[in-house]
Amino acid sequence: MNSKRDFLTIKDFTASEIAVLLDRAADFKSGRAAGKQPLRGRSIGMLFYKTSTRTRISFEVGIYQLGGQPVYIRPGESQLSRDETIADTARVFSRYLRGIVIRTFEHKIAAEFAEYASVPVINGLTDTHHPCQILADLMTIKEKKGQLKGVKIAYIGDGNNVANSLIEGAAQMAMDLTVAAPEGYEPTPDILKDTSGRITIVRDPKAAAAGADVLYTDVWISMGDNEAEAAEKQSKFAAYQINDELLSYAKPDCIVLHCLPAHRGQEITDSVIEGPRSAVFDQAENRLHTQKAVLEMLIK
Ligand code: CP
Ligand code: NVA
Numbered sequence: 003m004n005s006k007r008d009f010l011t012i013k014d015f016t017a018s019e020i021a022v023l024l025d026r027a028a029d030f031k032s033g034r035a036a037g038k039q040p041l042r043g044r045s046i047g048m049l050f051y052k053t054s055t056r057t058r059i060s061f062e063v064g065i066y067q068l069g070g071q072p073v074y075i076r077p078g079e080s081q082l083s084r085d086e087t088i089a090d091t092a093r094v095f096s097r098y099l100r101g102i103v104i105r106t107f108e109h110k111i112a113a114e115f116a117e118y119a120s121v122p123v124i125n126g127l128t129d130t131h132h133p134c135q136i137l138a139d140l141m142t143i144k145e146k147k148g149q150l151k152g153v154k155i156a157y158i159g160d161g162n163n164v165a166n167s168l169i170e171g172a173a174q175m176a177m178d179l180t181v182a183a184p185e186g187y188e189p190t191p192d193i194l195k196d197t198s199g200r201i202t203i204v205r206d207p208k209a210a211a212a213g214a215d216v217l218y219t220d221v222w223i224s225m226g227d228n229e230a231e232a233a234e235k236q237s238k239f240a241a242y243q244i245n246d247e248l249l250s251y252a253k254p255d256c257i258v259l260h261c262l263p264a265h266r267g268q269e270i271t272d273s274v275i276e277g278p279r280s281a282v283f284d285q286a287e288n289r290l291h292t293q294k295a296v297l298e299m300l301i302k
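This note's numbering numbers the first residue of the sequence shown as 3 and each following residue consecutively.
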């Protein structure tokens, strides 16, 4: 029987598995796991329908450091562009590759890929989930705050893929998350349905930020969103900017996270992202360490 495991959403890992992954990521970061090459002789596909800086580079470097070979594939340069099906592509990939990282639009494309692949499929971002990002965020919060349980996070802005996965991660790790989003831009209702009472959705960004240990935001227009709505969104989201004033409502030792890329002057100001509370570049670095832990756990 094929016992391959996929990582499509945060819920694919239990809380104790996430704790193990974060400890292992810390070992990779500190050098305690240096020289481990569990991917030696193995090739990992990276099928990216959308652009990327962090996810692509951190996976390519991480696979190399673990002894493996990354194979980067853009659908437009493959037969997917000539209507070869997802199912056939996934089955063919599985004959060459020991794992596949996919970044795509609708989550169901990643789910279909995983259904037909006989090797692990890792979600490198879909329209509704970004689980690899959230593992790096949890690692960053643990580094800065010493623990996850009970840490108070305020996510301010669009209820998008990052917000959805953050909700799942916060619920798994018993964190206290408040999301402040404008009407009509709340996180996906189904995701909220399945989480504990520690997740609160509010309208007022100041109420969310009050007493927070962590302020988190992401872009107001995500990849694949309707660009025609950009101007309208700018005005609807104006009060949801993380700036020095909003930061003043949080705890004095609050950290600020952003998955990046940032649009300075929109969802976050230059002064906050460059300021002493910003942990965004540690957060970006932690993508590498957490993904190495995931690859080591899943790839056989
Ligand atoms: N945060 C993140 O996933 O960045 P990229 O889009 O650059 O991969
Ligand atoms: N929400 C953003 C995240 C980018 C890493 C997007 O999907 O474009």
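Just so you know, even glycine gets a beta-carbon here, dropped at the ideal spot from N, CA and C.
Which residue marks the beginning of the beta strand (DSSP E) containing histidine 260, and which one marks its end? Under the DSSP assignment, histidine 260 falls in the beta strand (DSSP E) whose first and last residues are 257-260.
Measure the C-alpha to C-alpha separation of valine 216 and glycine 186 and round it to an integer number of angstroms. Going by the C-alpha atoms only, they are around 24 Å apart.
In the structure shown, what three-state DSSP assignment does isoleucine 270 receive? In this structure, isoleucine 270 counts as strand in the three-state DSSP scheme.
Sequence-distant residues of the same chain with beta carbon closer than 6 Å to arginine 93, five excluded per side: Answer for arginine 93: Tyr118, listed in chain order.
Contact check, alanine 73 vs leucine 99 under 8 Å by CB: the rounded distance? A quick correction: the sequence has valine, not alanine, at residue 73. With a beta-carbon spacing of about 7 Å, valine 73 and leucine 99 fall inside the 8 Å limit used to define contacts.
Would you tell me roughly how many angstroms separate the C-alpha atoms of alanine 139 and threonine 55, rounded to the nearest one? Residue identity differs from the one stated: residue 139 is aspartate in this sequence, not alanine. When rounded, the distance between both Cα atoms is 17 Å.
On the DSSP bridge assignment, give the partners of aspartate 178 in chain order. Lys154.
Would you mind working out which of Ile104, Ala173, Ala212, Arg205 sits nearest leucine 194, comparing C-alpha positions? Closest by alpha carbon: Ala173.
Quick check: is any heavy atom of the ligand NVA less than 7 Å from the C-beta of methionine 225? Yes.
Taking 8 Å as the cut-off, decide whether the C-beta atoms of asparagine 228 and valine 274 are in contact. Asparagine 228 is not a Cβ neighbour of valine 274, given a cutoff of 8 Å.
CA-CA distance, valine 5 and isoleucine 111? The question names valine, but residue 5 is serine in the sequence shown. Rounded to the nearest whole angstrom, the C-alpha separation of serine 5 and isoleucine 111 is 21 Å.
Bridge-paired residues (DSSP) for phenylalanine 9: Residue pairing for phenylalanine 9: DSSP places it in a beta bridge opposite Ile124.
Quick test of your reading: histidine 291 and methionine 141, contact by CB under 8 Å. State the CB separation rounded to the nearest angstrom. About 7 Å; that satisfies the 8 Å criterion.
Alpha helix (DSSP H) segment containing valine 103, residue limits: Premise fails: valine 103 lies in the beta strand (DSSP E), 101-105, not in any alpha helix (DSSP H).
Alpha carbon to alpha carbon, what distance is there between isoleucine 270 and valine 258? Cα-Cα distance, rounded: 10 Å.
Short Cβ contact (8 Å threshold) for isoleucine 65 with glutamate 170: In this structure, glutamate 170 does not lie closer than 8 Å to isoleucine 65 by Cβ.
As a quick exercise: from Asn125, Ala281, Ile59, Ala183, pick the residue whose alpha carbon is nearest that of aspartate 147. Correcting the residue type first, residue 147 is lysine in the shown sequence and not aspartate. Selected option, being the one with the closest Cα: Ala281.
Do phenylalanine 239 and glycine 159 have their beta-carbon atoms positioned less than 8 Å apart in this structure? Yes. Within cutoff.
Between the region 291-300 and the region 22-40, do at least 3 Cβ pairs fall closer than 8 Å? As far as the Cβ criterion goes, the region 291-300 touches the region 22-40, which means the pair count is three or higher.
Just list the residues that DSSP pairs glutamine 71 with in beta bridges. Residue pairing by DSSP places glutamine 71 opposite Ser45 in a beta bridge.
Indicate, with yes or no, if the ligand CP has a heavy atom lying under 7 Å from the CB of cysteine 261. The nearest non-hydrogen atom of the ligand CP is less than 7 Å from the C-beta of cysteine 261.
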